[in-house]
Each structure stands twice: as structure tokens, then as C-alpha cells.
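Numbering (this note's numbering), first residue to last: 7 to 1179.
Glycine residues also receive a C-beta, built at the ideal position from the N, C-alpha and C atoms.
Notes for the one structure printed next.
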Amino acid sequence: MKNKFLLLNRTFLVLLITVSLLTTGIAERDKTSKNGSKASKSLLKAGDAYRMYINNVDLPLNREGVLADVLIGGRDGGRVDNNVFLFSGGFFLSGITNGRMWANAVASASRIQDYVPGTVASGRNDSRAQLYVLRQTDGDFAPSWTEWKDAVALGAYYYDGDGDGTYNPVDKNGNGKWDRDEDRPDLLGDETVWCVYNDGTDPALRRFNDVDPQGINVRQTVFAFNSKGVVGNMIFIRYSLVNTGLVSDVIDSVYLGVWADPDLGDFEDDLVGCDAPQSFSGYPKADTAGLDAGFVYNDGDDGVFGANPPTFLIDFFQGPVSYIPGVTFTDVNGNGVYDEGVDTPLDSAFNVQGQVRGVAKIMGAKNVGLSSFVHYMQSHPTLGDPNTRQEARNYMLGYDKFGNPLDPASWAFGTVVGGINPAAIDNRFFYSGDPVTQTGWLNNLPTDQRQMSNTGPFQLVKDKPVNIVVAYVVGRGSNALNSVTIAKNYSKTAQLLFDSNFPSPPPPPPVRVEVETGEDFIDLTWPTNEQVSYQAIDTVLDIDRRFQGYYVNGYRTNTKLLTVGGLENVKEITNFDLKDSINNYYSLSPNGGLDLVRAEAPAENKLDSAVYANPSQGRVKVRIKRDPFTDGPLIKGKEYYFTVTTYTLNHKVIFNKDSRTYGPSGDYADATGGGLEEYETAIVTVTFGNDLFAPASETGSAEVAGGSSSGGVKYVVVKNEDLTGDSYSVEFKKKKRTDHSTYWMLKNTTKNTVMIDSSETFDYDTTKYAGIVYEGFIPKVKPVTPAHGTPTYKPSANVWYSNFSAVTGLGFNYVGLDIPQGLTMRDYPPFFATPKRSSAISADKLRKVELRFGAPNAGKAYRYINGYGPGSVIVRRGNFLWAGSSLFTDSVNIGLINQGFVDVPFTAWVVDEKYKEERQLAVGFIEVGVAPNGKPDGIWDPGTDLLKTGEVIVIFDYDYKADGSHKELTGGDFSGTNVWADINRGWNPPAGSGLDTIVTKSQFFNAMYVVALQRKDSLSFYTSGDVLTMPITDYPYTEADKFTFQTKLKGALSEAEKKEIFNKVNVFPNPLFAYNPATSYSNGRPDETFITFSNLPEEVTIKVYTLSGMLIRTMTTADKASPTSPFLRWDLNNESGLRIASGLYLAIVSSPGYGEKILKFSVIMPQKQIQRF
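Rendered as C-alpha cells:
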């Protein structure tokens, strides 16, 4: 430790990834190609070993203090990026008891294992002496909190919230959250693994066989944070040493050496060094206090890691507490012991215990830092494996094995560079130079290394724990030496947190994934509000961490390794991110560039925080229908593996990649490399088909009970258990007459209750799981934008008009205000006020219309003339009066005076199959006065230039009347007062007229379409019998529309459906030919033979017979993995537990209510080799 604050000088930004406790046994072993052999230990029972792998560092450990050299599931070693960086980790401990020096260790690579599980008092056979695992993701008052009672009985720490001196984790106020007046376990970081062991190995079994047990308990706490960022490269170890007084009440001159056998890929190319205070290193340093760390690195490429092997660093964060008379206190009474209230404290030590338990200040003492750093090499004559307690002690004092100091100037494995005086170097700190700047004492001969970071001296006083905290830090940069820089920077980051007692903002709440399986899919669902609303601010660390997104990974096997057996093991299935200003996200790469870290999610996976942060609406569903690795269909009975990762961004360090500022939309980046943090769930294991008799509900579709819209209604089931089995309807109400838009209502028609009164939310995306849940489901109503299609002319060979175009305005034009396809035509004639739209028509009135051409007198049309009537010339230009008006007196320029309902060669018809309507519509046309270029002769002829003639056809939303009596379209005599219709300006009927004033006051009145046609040339015109058709592609909702559906009560299958499943009872593989392919799903042993019965109901009995009729095995519901599982796996053992012979067998599967099913299957057993011992 550098000084009294050193303790408060290191912490962990490491954030957690939760790991699965593997129940396989462990066996210690040697490194491949290393000399020597080690007797294999017996496999330990489940719970003796655990793999901590919640971040970037994969570290197996056991309950005897061994780190890394622990075999779990066929895999050992501390790893990063799937490759080993640490063969074994542990410690050496030495002291003087009653005048006799001793040493012991946990150092598997040096064949030293002096510690056994349990405490001195309870012994190694105590069933409680196991590994205890605490996880933040388990939540408050989880079962692990209760299990911690056994750990407390063995000496584990806890927070005594109620101050009664007893650990009792009870949620006193029932709020489901831990409060300060309630007890809680000593959970540090995001995952904590605790055990206790003691130095109880018999002397005869020790490497140092002249050392007796000293009665020392070591309470080991390993903890880490769930992060894939900077702090995801660290794991912390706290050694709490307790002298039980078995041999002596005081053990003096104690040293602890944190020992490691590192292997950065290839084990024979490693170099070691330490980062010690400037006064020990012999050269000026920017950080004069140093890191108190030892490290191992490469000086070039590595055969395993390639061009950028990592650096592994062991850093002291909290050294042992030591009382030193004259240094840390004035010994007033001269007894050599600090007596509070008597002696005068000159210094103080600290015990950092986390945010809950706080920091304990210890007066009259100090935390001892790194006191020496050494390395030794296998079989070296003066610096080899320690064979005696004295040799071990000498290493802990910073000497060679014989107690001689090294000479930096002459030592063969080192060199002093950079002009540094060797005499200025403290030779207890091996290789304290800087390999990056090539300054000071450096290790220059790569080899297979062991290293020890030592601290001391201190005392172990009976029943007074001494707590020492170290960190394993791994940094990987752009090359070997850059990795040294990266690792040291990571260590400084952790130091900053430790100095503040782990003030790192809390991670986002863990994702709570729920799993359901259906006929051909797996659903992963989780609520989102806790993550999406997450924001953590720390002004000291300059953090403003906010949620940004999720991604879902699939795994080939039940492990998070990137590759297994040379095959890709991890594949991203989908991702989601916030609908905000951040698109793609880039981060600083080791070579100084910016690498794409997270690609923007697809549009359908954008999360609106207003919805997804809402506790009642925010949820996500991922439906998986194909195997992520084979792209084949999902296989029933096969296990599939997934994780969901939450990732956050620190908005204090990110910036727009283009503008280099924060705020604008676009791609974002950060130059620190630490702006993104990721929080991954444990692997979620899904047995496909496990919910066969209670499957996840498919999306339901409603039936059309009325109306002709192009819409639809579906419903997404969220909670099967809340489904009522009732009937429901979705109906529509128009918001206002002049607008097609509607709102919809959801009714429970069984109970005659309105559940949603007037919703304007139209969302048909059934992949989206967000929204308010009503009686177990979310209604989905299809949004419909009314639209007409492209007009067609039959026969097509008779087309006589110029091409339709939005630019020229020629064509069939809807002139309402309420849809995007409103009036797109140009104004005819040019002096029409712009734009011309009808406020009296709405898109719900749209129909498929045919404009039929025939004889000159095929029908009658209302005639409107522009440019005449009262007023000035300018006023008259805006007049489009009905031609039957008495205001027309110009018989010279107007061909037909006062004729407003004239013969035309066309008729308009609704011919709509959707509405089952066929009816003739009222029509009209416009003529322009002679002065502007028109020809108001009462004969419809648009000519070859519609801009001049202005003779457009108007199709009204009125049924045709042969007498032309639609007074809204004409105006007329109102009790002696003449008021005439104007199709441009609209008109006001006298009060009491009884006319529809919404129509009369609107431009174009209630025109459904305005048809703008002009001849291609003077010789082209219609042929009798031609038809111009305007189709409708999308019909809006109307008040006539109604959709109905019924849910399944509790989502349950009917008895008939269950019976149908039982009829499919089967067994697989059939035949079993020595090898069960299912074992490959989870890397099981190929000879782990079993067959699986499938499609089983909850209550079932299976009896297996030989062909001769001998009953060899009876299995029931109790033999299934769970009562509701449709699968039962048989290990091919008979009732006596012996393997059956190869042959043909019969199985009778019976279940109450379903009957019996007889199966026939063949088994060819694999050859088994009997082991010889």
C-alpha cells in the first residue's frame, strides 16, 4: 500500500455477468507439456467448484483456495477471449509462532496444497463448507440470502440492519426491497463467491512436512461486476485471515504472498515485472506511489493470442493492518501494543467493506502495501520451486530461495536500461522498471513464470480478522507492450473506485426473462420499464449512464465460450435500441481508430421510451422459429440456450461521430473506449416443446362481423393465466362527419362491458409486445389509410385521352381533405383559387366507380359555367354558377341559356363488390366562358387542351336523379328569393331551406371525384361502350365495421387437443445406435446413452418390456424432469440400475383419461471399456 489512503485507492468498475453454477466435479492437473506429474484428486461433490464468468474474465475456483487450476466441464484455467492467461492462482503465507518460523501455501503448480475446506473448529467434513454464491440478479431476499446463514455461521460477514447481532434477512415491511434497518449478506459487486478453508493438511501430506497446522482460517471472498467494458476486465479477491488461537494467541511477522503461475497463451514466452513506488524503482515516475502491482506480459507476438497478447496484473487494493510503535502510534505505556485511549495514534488504516457496510477507520495503524515482488522458475537452482519453509519465507522477503538478494546489475534474467543506476534500485522489487519506456530493471529472458506479490509484516491476533484485497486485472491492447499500458490504466480506474468505497453507480436492474414454447416457436419475453428508465449519475466519476438497448444471443452449447470444438458457439439473434438521436455506436479501438461496436437496430425494433419505460406497457417478445446455427426447424426435446444483454452508454463521453458534439442525430462514438457497458443475463436454457400441454398462445385473429373496411383486428396474448374465455368485439365510431377518421372500442360482449371506450391507437404489429394488457391480451387494430387505385380503361385499345399524371393533374382525382390522395390535379381553369378541395366528402364514402361512355344523351349532368354572372370582371372570374341560373343573359356567348341539367355522353356508377353496391351517381361538368378560351355550348368536350376548356367532370356523392332535383347542386327559388349554386365558392341557402349546408358551402359540393380528361388529338374521342374505372385499394373503417373474437380460458388446450397430442406419444432416437445425437447438444459424452419418450401428459406411467414379456423398468411422472414436462428421459438402466442389453423392446404408455399407447423401439448399446486400476 502506498499510504493510509491506498486502501481507498483502488476499486472496480467491473460490472456483472451472472454465471451458472456447474455441478460437475473438478480435478486438478498439470499444464500440457510441463515436466512433472501430479496425482489426480478424486472428483469432489457438486458445489465444490464454481466458474465465475460474469464479465470478460473467466475464472474457475474451488473451496480450497485454488484459482484457475480447477477443471469444470472439461475446461480449466483463467481465460480471457477464450484463451488461458492464468494457469493457477493462490497464495503463500508465512509467520513466526512461538518463535518458530513456518510457511504454507495454496500453489497447485508448485504441488502445494496446505489448506482444506471448512474452519478449524468444524473440520473438513462440515457439510456447510461449500461455495456460497450471491448475485445481484437474484434480487433482494433471494433464497441465497437465507443460505448465507450457514456462511455466517462459518465466519462470513453480513450487514446487521436491525442491530440485534444475529443475521436474519427478513423483509420487515413487506415492500420486496431491502431497507437499511434489515439484514443483508455481504454481497460485493454484482456477484460474490465465498468459502472458508483452513491450514489443516496433515504435515505428512505437505511439501513442507516440518510445518504443523497453525490454526488459521481463510475466509475467501471473490467478487466481480457484470460488465463487458473496462471494469469487466477485473476480478477481486478478499482474503480475511483469522488466527483461531489453536497454537498461539499471537502470530508474529506474518507475510502474505499473492502467488500466480501465469500463462499468457504460450507458457514459455512470459516476462514479469512490478509497478512499485518511485523510491524502490530507482527512476522518476509520474505516479511516485506506483500501483503496488505485479504483472506478467509478453514483449512480442504470442502463438495463442497472436499479435496482441494481454497483460495480467495483480494489484493490491487493501493491505494488511499493521501497528508499528513509533511509526503508526506513540507507545505511551511502552507495552508494544496500541492501546486505544492510552497511546497516541500517528496514522490510521482503513477497511473498505462496500457501500452497505461502509469504511472502517482503524486508528494507530496503517495498511501495509507491496513489500516485495519476486518470481521463480521451475527447476532453477537458486530461483526454483520452494522445497522448504525457509525457501518459501525467503521468497516472501524478496530474496532468492537461499536468502540472498539479487543484484540487478548482474542477474542473468534481468537487465537495467535507460541509464538508471542499479544501486538506486531496491532489489526486493524484482523488475520494477517500465517495459513500455524501456526504463529501469527489466526481465529480459522469457520463460515459464511463477510470481509472488508480497505484503507484510503484520500480526495475526486471535479472533481479529486481517482483511487483504487484491485484484486480478487483464488488459489487452494493440500489441504486447500496449497491453501493459492498458492493464495499468484499468488498474487505475479500479483504484479510483476503491478510493471511494466502490461508488460505481448501480447497474441497470437485471432483465427478467420468461420463456414459453409453442408448436414451432420459442418466445423469450421480458418487461422493459426498469431498464429503459434506468439512469445512473456519478459526478465524481463523470458518469451519466443511460439505457440504450438490448441484444439477444443464442448459444450452440450451455456455455458462453465464443467457440466450442472449433465451431462458432455464439450468434446474435436480434437487437433493440431506443428511438432517439443515436444510430450506430463506435468506440475507440486498440489501434487508435473507431470500431463499430453496436449497429443500429432495425426500424421495427426501435423502442419508444414513452411506451417501454411505462410499467404497464413496456415489454419485449422475441419469437424464435429457427435454430440459430442450422437455420433448420426447432427440434422438440432439444435444449436451446440464450442470453439477453442490456447495454448502456455514458452520455458524458459520447459524441456525434460527424459533428464531434453531443446532441445531433446520427452515429455516435466515444474516445475513451469505456462509454458502453453491457450487462448479460445467465444462460437461459429452453427445452423446446416443454410447454406442449400448456403452449404459448399464438396471435389470435378476429372475425369480420360487419362492415367492408380493409382493416383487421388481432390480439396478442400476454398472460395465459388471465384469459377469461369470454367473447369480445371491436367496433368503430366516426370522429366527425367531414373526416373519415375513427376511434375504436373494445367490448367484452359476454359481460356487456366496455373495456376501451375510444382509442385512436392503430397498431397491427403483432411482434411488438408492448401495450396495456386487457384480460390477458393486447388488442391490435390495423391502421388503414384509405386509398384509391390506378384507373383503368376498357377496352384499353380505345384510350383517347392524354396520360394521367400528378404533375399535369390529368386523371381521376379524389378532392376530399382527409387522405394523402386528396386533390392532386391542377386547377382547371388556371384562375381557380388554389387549392380546390371538398370539405363535404370524406374517404369513408369512397367507392369503386365506373364512368361509362355512350350516346350523346346517355345521361344528364349538372352544368356549371365560369366567368359569368353579377359583379366586376375580377369577381366574375371566380364565379362557377349553375347554368340554370336566371343570372345568365348572354345568349351570344353562352350556347344554351338557363340550361343547367343537360345531356352528356357518360354516366357514373358505383359498382363496388366490397360494399355489394351498384347505383348511378349524379354528375356534373364545368364550362369556361368564351373570353378566356372556353366554349360554353352545353356540350361536354374537353378538347386537346384542358387548361383552356376547363371541362372537367364532377362525380357527386348523390344518387342520380333523372329530373335534376338535387337542389344542393343547383340552388334556386326559395320563397321568391333566388339563390344560385356556385361550385367554386359554395353558396348559402336561406335559413329554413332544409338543405345540407355542409354540402352547399363546400367547394365542389360533395364531389367524390373530379375527372380531368383531355383528348390526345382532335381525332381521338370516346367510343360508345367504353368504361373508365376508378378502383379502391384500401377501404377505411366505418361505423358498420365490427370484429369479434373469443379467447381460450387460461389459454388451455381442449381435452380433444390434449388427446390428439397423446396419440402422438413417441420415443426417440429409434433406433438408438450406440450414440445419441442429443448428447452433442450440450457437449455430453457420446456414450451417455438414453432415449426420450415425448408428448407425454402430466400423469403418465411407462412400462418397458422385453419381447418375451419380461418387465424391466417402470417409470412414472416422478421420473420426468418436472411433472408438466412432456418428456421423460430413460437412462436405459433396469430396475436394478444395470444397463440393458441391445435388442428390441416394447413400451406401454398409459395415462388416465387418455388410454394407452404401445411403442416398439430398438437399442444397440455402445461398447464400454472396463477401467483397470
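Excluding five sequence positions before and after G1161, the CB atoms of its chain that fall closer than 8 Å to its own CB belong to F1068, given in chain order.
The C-beta separation of D337 from D349 comes to about 6 Å, placing the pair in contact by the 8 Å criterion. Between Q554 and I588 the beta-carbon gap is near 7 Å, inside 8 Å, which marks them as a contact. Each of S114, I320, A109 was checked against the Cα of I222, and the nearest Cα belongs to A109. According to the DSSP assignment, M402 belongs to no beta strand (DSSP E) but to the alpha helix (DSSP H) extending over 395 to 403. Comparing C-alpha distances from G944 to each of I959, T1098, P268 shows the shortest one belongs to I959. Contact annotation: D1047 and F738 have beta-carbon atoms nearer than 8 Å. A Cβ-Cβ separation of about 7 Å places T773 in contact with E610 under the 8 Å criterion. In the three-state reduction of the DSSP assignment, Y618 falls in the helix class, which pools H, G and I. In the DSSP annotation of this structure, A159 is not part of any beta strand (DSSP E); the continuous alpha helix (DSSP H) holding it starts and ends at 149 to 159. Here DSSP, grouped into helix, strand and coil, assigns N239 to helix. G83 is positioned such that its CB atom lies closer than 8 Å to that of L92. Between A159 and T227, the alpha-carbon positions lie close to 15 Å from each other. The segment 723 to 736 and the segment 1045 to 1062 touch, with no fewer than 3 CB-CB distances between them shorter than 8 Å.
Partner residues in the beta bridge of T1112, as assigned by DSSP, are Y1151. In the three-state scheme derived from DSSP, where H, G and I count as helix and E and B as strand, V898 is classed as coil. The beta carbon of V248 sits closer than 6 Å to the beta carbons of N223, P471 from its chain, once the five residues preceding and following it are set aside; these are given in chain order.
Between V476 and M240, the C-beta gap is not smaller than 8 Å, which leaves the two residues out of contact. As DSSP reads the structure, H794 sits in a beta bridge with I1038. A Cβ-Cβ separation of about 5 Å places M1014 in contact with D963 under the 8 Å criterion.
Taking a contact to require three or more Cβ pairs closer than 8 Å, the segment 871 to 890 and the segment 928 to 937 qualify as touching.
Per DSSP, the beta-bridge partners of K753 are S735, V760.
Taken in chain order, the complete alpha helix (DSSP H) segments of 4 or more residues contained in the segment 622 to 692 number zero; there are none. Between the C-alpha atoms of P1158 and E1066 there is a straight-line separation of about 14 Å. Taken through DSSP and simplified to helix, strand or coil, A609 comes out as helix. Assignment of beta-bridge partners to L573 by DSSP yields V570. In the structure shown, D745 falls within a strand segment according to DSSP collapsed to helix, strand and coil. Setting aside the 5 residues that flank it on each side, I1170 is surrounded in the same chain by F1079, A1080, S1148, each with a C-beta closer than 6 Å to its C-beta; the list follows chain order.
When rounded, the separation of the alpha-carbon atoms in A700 and T1098 is 20 Å. Non-local beta-carbon contacts of R858 in its own chain, meaning distances under 7 Å to residues more than five positions away in sequence, involve F912, T913, W915, V1033 in chain order.
Only residues of its own chain outside the window of five on either side were considered, and among them Y382, M383, Q384, K407 have a CB closer than 8 Å to the CB of G390, listed in chain order. In this structure the segment 145 to 160 lies against the segment 186 to 202, because at least three pairs of beta carbons, one per stretch, are closer than 8 Å. If you draw a 10 Å sphere on the C-beta of Q359, you find 16 or more other C-beta atoms in it, and that means buried. Beta-bridge pairing by DSSP links P123 to Y203. Here R551 carries a strand assignment [DSSP, helix/strand/coil].
If the five residues before and after L1117 are omitted, its C-beta is found closer than 7 Å to the C-beta atoms of K1109, Y1111, all from its own chain and listed in chain order.
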